[in-house]
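Novice: One line per chain: the protein sequences are A and B, in this order.
Okay, so the first sequence: first residue is 7 according to this note's numbering, each after it adds one.
Okay, so the second sequence: first residue is 1125 according to this note's numbering, each after it adds one.
By construction, the Cβ of each residue, glycine as well, lies at the ideal position given by its N, Cα and C atoms.
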Amino acid sequence: AQSVAQPEDQVNVAEGNPLTVKCTYSVSGNPYLFWYVQYPNRGLQFLLKYITGDNLVKGSYGFEAEFNKSQTSFHLKKPSALVSDSALYFCAGYSGYSTLTFGKGTMLLVSP
Amino acid sequence: SQTIHQWPATLVQPVGSPLSLECTVEGTSNPNLYWYRQAAGRGLQLLFYSVGIGQISSEVPQNLSASRPQDRQFILSSKKLLLSDSGFYLCAWSVLAGAYEQYFGPGTRLTVT
């Protein structure tokens, strides 16, 4: 079985600064990892995924994520944060059955 | 392109009343379908998933049930709501099971009073 962990409940960053939202995973075998974003009272939106290949995955809205096998991490990054990036971010992983396992979420707050 | 619809958007129901939430997907065939609940705060709890018509897998035993009467229709039901059923209900679909991204609907906010 696979699990994902998001160690930070909240991340604060100033607009224009780089941002990182952390995710670590635990899995036996090849990991399949995803990032989603949720704006208030909305459904989740898919940002990007890692299946295999390049460790740096590029996704929507300028986000990217770096897969690090030795550290079992899949951190979400963006070079320059926008106030509109403020939202709830979920890391998810394939659980080995037919479903995804989601982390508990990290609230990103970008201040002007 | 594919779209996913959920209705109603918001619902206020008394304890003990029945529930029916509907989810439909357009633009794809034989999707995998999922129901999640998001309690106040943030965590997502998978309730049910379906890989085909009439095929339902339950992840959490409770007073909710799900049905898939048509290929692109997924219904979440309850005969008698509890206060603890309050939450944000999300439907999602994916092309296949496993290592494929899921696409979420706009959600239904349910308040049980």
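1. Assuming C1147(B) and I1128(B) form a contact by the criterion Cβ under 8 Å, report the distance between their Cβ atoms to the nearest whole angstrom.
2. CB-CB under 6 Å to K64(A), same chain, minus the five flanking residues each way: which ones, in chain order?
3. For T1134(B), count the other beta carbons within 10 Å of its own beta carbon; 16 or more makes it buried, fewer makes it exposed. Which is it?
4. Could you tell me which uninterrupted alpha helix (DSSP H) segments, each at least 4 residues in length, are contained entirely in the segment 39-81 of chain A, listed from first to last along the chain?
5. I'd like to know if Y1213(B) contacts chain A, where contact means its C-beta is closer than 7 Å to some C-beta of that chain.
6. Measuring only between beta-carbons, confirm whether T105(A) sits less than 7 Å from chain B.
7. How close, in whole Å, do the beta carbons of Y1173(B) and L1157(B) come, if the pair is a contact with beta carbons under 8 Å?
8. Assign V1136(B) to one of three DSSP states: helix, strand, or coil.
9. If the cut is a Cβ gap below 9 Å, which residues of chain B does F52(A) touch?
10. Please say whether Y100(A) and Y38(A) have beta carbons closer to each other than 7 Å?
11. Would you call D60(A) buried or exposed, if buried means 16 or more other Cβ atoms sit within 10 Å of its Cβ?
12. Using beta carbons (cut-off 7 Å, strictly below), is L1171(B) in contact with chain A?
13. Within 7 Å of any Cβ in chain A, is that where the Cβ of G1178(B) sits?
14. Looking at the strands, I want to know which residues DSSP matches up with C1215(B).
15. Can you tell me the Cβ-Cβ gap for V1236(B) and Q1137(B), rounded? I've got them flagged as a contact below 8 Å.
16. Taking P85(A) as the reference, which of E72(A), S79(A), C97(A), L50(A) has the closest Cα?
17. According to the Cβ coordinates, are V19(A) and V116(A) closer than 7 Å?
18. Please state the DSSP three-state secondary structure of V10(A).
19. Under three-state DSSP, which class holds V1184(B)?
20. Going by other Cβ atoms of all chains shown within 10 Å of its Cβ, with 16 needed for buried, is V10(A) buried or exposed?
21. Give the DSSP bridge partners of C97(A), in chain order.
22. Which first and last residues belong to the beta strand (DSSP E) in which N18(A) is found?
Specialist: On the basis of the coordinates in this document:
1. 7 Å
2. Short of 6 Å from the beta carbon of K64(A), and not among the five residues preceding or following it, lie these beta carbons of its own chain, in chain order: E70.
3. exposed
4. none
5. Closer than 7 Å: no.
6. For T105(A), a Cβ of chain B is located within less than 7 Å of the residue's own Cβ.
7. 7 Å
8. strand
9. E1225, Q1226, Y1227, F1228
10. yes
11. Counting the other CB atoms within 10 Å of its CB gives D60(A) a total below 16, which places it among the exposed residues.
12. no
13. Cβ-Cβ to chain A under 7 Å: no for G1178(B).
14. Note: C1215(B) sits in a beta bridge opposite W1159(B).
15. About 6 Å separates the two Cβ atoms, so the contact holds.
16. E72(A)
17. yes
18. The answer is strand: DSSP assigns V10(A) an E or B state.
19. coil
20. buried
21. W41(A)
22. 16-20
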